[in-house]
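Residue numbers (the working numbering): 174 to 242.
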């Protein structure tokens with residue numbers, strides 16, 4: 174949770190492989206948690222990179238809550 178909390182606050186986001194290196198977790202373990210945010214266009218995934226969209230920054234607490242479940 175803490176990694177994503179800090180990473181998604183960055184305008185540029187973070188590379189997915191950096192997430193795996195820093196947390197020791199496989200990226201696919203989070204994909205189902207990200208689906209609601211992707212559907213609402215709160216986050217974007219491109220070129221193995223994740224970041225909040227401009228819209229997503231308005232809902233950052235909701236985005237981060239997806240990682241607490």
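Yeah, the Cβ is synthetic: ideal placement off N, Cα and C, and Gly gets one too. Since this is a predicted model, take the numbers as computed values, not measurements.
By the Cβ rule, the segment 187-204 does not count as touching the segment 229-238, because fewer than three pairs are nearer than 8 Å. Of all alpha-carbon atoms in 201, 178, 175 and 182, the one lying nearest the alpha-carbon of residue 221 is that of 201. Here the alpha carbon of residue 209 sits roughly 11 Å from the alpha carbon of residue 240. A straight line joining the alpha-carbon of residue 229 with that of residue 192 spans about 19 Å. The beta carbon of residue 180 lies closer than 6 Å to those of 187 in the same chain, with the five residues before and after it left out.
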